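Undergrad: Starting off with a structure, shown below.
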Amino acid sequence: MKKKLVMILMAVMVASATLGGCGQKGAETGTSVSAEEEDVQISYKELMKATDYKVQKYVKLNDYMNMTVELSQDYSITDEQIQEYIEYLLSMYPEYETTDKTTVENGDIVNIDYVGKVDGEEFNGGSATGQHLEIGSGSFIDGFEDGLIGKNVGDTVDLNLTFPDSYSNTDLAGKDVVFTVTINGIETKKDIGYEDLTDEYVSENFGTQGITTVDELKSQVSSGLEQQVYSTKMQEVQTEVLAKLLDECEVTIPDGLLDQRIAEYKDRINKIVEDSGKSFEDYTGKTEDEFYENIDTTMEESIKQELILEAIVRDMKLSISEKSFESFVDQYVSSYNFDSRDAFYEEYGGEDYIKLSYAENQALSKIMDSVKTTVKDTSSSDSSTGADDSSADAE
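Here's what the structure looks like:
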């Protein structure tokens, strides 16, 4: 189904934008990928051969490279967000202080070393040193924590236990196990607050990740949050750009195209249902009339969006890198377990159509790079469309 491929390509584009910005700018301009081997560029004229209509007759474009879209929120990372996330991390790395208590009771936190053996052999993940365990928490298998109650600091005990049948590791489920446990001490837990952060604490708890100072931790958290937020932001930018293109461009659908796409969609859905061996209603949870109730409207919007992007490809005189395209196809074939490129092409409307869809998303990428954004003003309850006076690039 052609519409499905377009949607997947757009999702892939947003995902790649998270890692390295929108688009592959060298690919569209005709530059070579390698000095040793010239990369073939597929021209917009070649791309347009995928259609049997002249798209310029059906689309009147807006000023698509000079658009401003309004976003629902400001995606800037604040100091408060950084602090909140660090506090979440700190909750997983408390400090422990040894007490002078000597006998283990329910509710105590003990520091232990242990070695687990099945059939006399140690097993992967069955041993630890300096482990903090709250007695009665149910963190370990039945009998482990109860077996330490009444024992003293310095004691070494053997716990003869059995892994439950439902244990997550099926190699161990239901098997007898002996844990040899040494009680190093009884401790109290001290939660660390944001204001208590020190370089020493950070180095001790995050040093294995290459983070040794408070400033490095804050920087790492900030970068991680920015990456998460950027992905969400670009998804909204893409949605708003497409909506604005639909609103501002004038589009007429070529005769027969809507009926063709609806028929393709229904054929695909019916094939999926047939292969499932279920009735349509059992598989979808709806009758056919209910399932296809809004198909005309949905498909019409999808086709108009596709026509606009095709027209932009032509207007930009956009070419695509054959190597980049083939790399995308190979990645998709591998990720979705297609037998070959040809199988992928057959599933999604043919090689020529897929090349055009790929080019459409390169065009959309360029537009997203150029778009200006404002933020919806939510300060007043009776203002629903206001925006920041300031604007910024999508990136």
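The number in our numbering is simply the position in the sequence shown, starting from 1, with 96 added.
Glycine included, each C-beta is placed from N, C-alpha and C at the ideal position.
Note that the structure is a prediction, hence the values are computed from the model and not measured.
#1: Whole angstroms are fine: how far does the CA of Ser372 sit from the CA of Ala439?
#2: For my contact list, Ala146 and Leu405 are in at a C-beta cut-off of 8 Å; report their separation, rounded to the angstrom.
#3: Assuming Asp267 is part of the alpha helix (DSSP H), what are its boundary residues?
#4: Would you mind giving the Cβ-Cβ distance between Thr198 and Asn248, rounded to the nearest angstrom? I have them listed as a contact below 8 Å.
#5: Of all the options Asp465, Arg437 and Glu418, which has the alpha carbon lying nearest to the alpha carbon of Ala455?
#6: May I ask you to verify whether the stretch 376-394 touches the stretch 428-438, counting CB pairs closer than 8 Å and requiring at least 3?
#7: Alpha carbon to alpha carbon, what distance is there between Ser398 and Gly482?
#8: Suppose contacts are defined by Cβ-Cβ distances below 9 Å. Is Thr309 in contact with Asp295 by that definition?
#9: Please determine if the stretch 313-332 and the stretch 172-180 are in contact, where contact requires at least 3 C-beta pairs separated by less than 8 Å.
#10: Throw me the rounded Cβ distance for the Ile288 and Tyr297 pair, which I believe falls under 8 Å.
#11: Quick one, which of Lys367, Asp355 and Asn457 has its alpha-carbon nearest Val337's?
#12: Run the CB neighbour count on Gly303, radius 10 Å, all protein chains shown included, and call it buried at 16 or more, exposed below.
#13: Give me whichever residues DSSP pairs with Lys224 in a beta bridge.
#14: Tell me the DSSP secondary structure of Glu370 in three-state form.
#15: If Glu402 and Ser168 are in contact, beta carbons under 8 Å, what's the gap, nearest whole angstrom?
#16: Considering Cα atoms alone, identify which of Lys382, Val273, Arg357 and Lys400 is closest to Gly222.
#17: With burial defined as no fewer than 16 other Cβ atoms inside 10 Å of the residue's Cβ, what is the status of Thr474: buried or exposed?
#18: CB Glu183 to CB Lys285, shorter than 9 Å?
#19: Can you grab the Cα-Cα spacing for the pair Lys472 / Asn280, in whole Å?
#20: Pop quiz: Met395 and Tyr361 are said to be a contact at Cβ under 8 Å. What is the actual Cβ separation, rounded to whole angstroms?
#21: Out of Ser461, Ser415 and Gly381, which one is the CA nearest neighbour of Glu142?
#22: For chain C, is any of its Cβ atoms less than 9 Å away from the one on Thr308?
#23: In chain order, which continuous runs of the alpha helix (DSSP H) of length 4 or greater are located wholly inside the stretch 241-306?
#24: For Lys135, tell me which candidate among Val347, Tyr149, Asp170 and Ser423 has the shortest Cα-Cα distance.
#25: Could you pull out every residue in the same chain whose Cβ sits closer than 7 Å to the Cβ of Cys345, ignoring the five residues on either side in sequence?
#26: Helix, strand or coil, according to DSSP, for Lys197 in the structure here?
#27: Please classify Gln137: does DSSP put it in a helix, a strand, or coil?
#28: Give the DSSP bridge partners of Thr164, in chain order.
#29: Is DSSP giving Tyr171 helix, strand or coil here?
#30: On the CB-based measure, 16 or more other CB atoms within 10 Å of its CB, does Lys153 come out buried or exposed?
#31: Excluding five sequence neighbours on each side, which residues of the same chain lie with their C-beta closer than 7 Å to the C-beta of Ser130?
#32: Among Arg364, Leu268 and Gly250, which one has its Cα closest to the Cα of Asn207?
#33: Below 9 Å between beta carbons: does that hold for Thr164 and Lys462?
#34: Taking Cβ positions, are Val211 and Leu244 nearer each other than 9 Å?
TA: According to the structure data:
#1: 21 Å
#2: Contact doesn't hold; Cβ gap of about 13 Å is too wide.
#3: Taken as a continuous stretch (DSSP letters only), Asp267 belongs to no alpha helix (DSSP H), as it is neither H nor E.
#4: 5 Å
#5: Glu418
#6: no
#7: The pLDDT assigned to Gly482 is 36, lower than 50, so where the model puts this residue is not dependable; a value taken from the coordinates is nonetheless given after this. Rounded to the nearest angstrom, the two C-alpha atoms are 29 Å apart.
#8: yes
#9: yes
#10: 6 Å
#11: Asn457
#12: exposed
#13: A small correction: the amino acid at residue 224 is Ala; Lys does not occupy that position in the sequence shown. Paired residue(s): Tyr210.
#14: helix
#15: With a Cβ gap of about 26 Å, Glu402 and Ser168 do not count as contacting.
#16: Val273
#17: exposed
#18: no
#19: 58 Å
#20: 7 Å
#21: Ser415
#22: Among the chains of the structure shown, chain C does not appear; only one protein chain is present.
#23: 295-302
#24: The residue asked about is misnamed: residue 135 is Asp in this sequence, not Lys. The option with the nearest alpha carbon to Asp135 is Ser423.
#25: Val155, Lys156, Leu157, Asn158 and Ile404
#26: coil
#27: strand
#28: Lys468
#29: coil
#30: exposed
#31: Here the model assigns Ser130 a pLDDT of 48, short of 50, so the residue's position is not dependable, and the following value carries that caveat. Contacts found: none.
#32: Gly250
#33: no
#34: no
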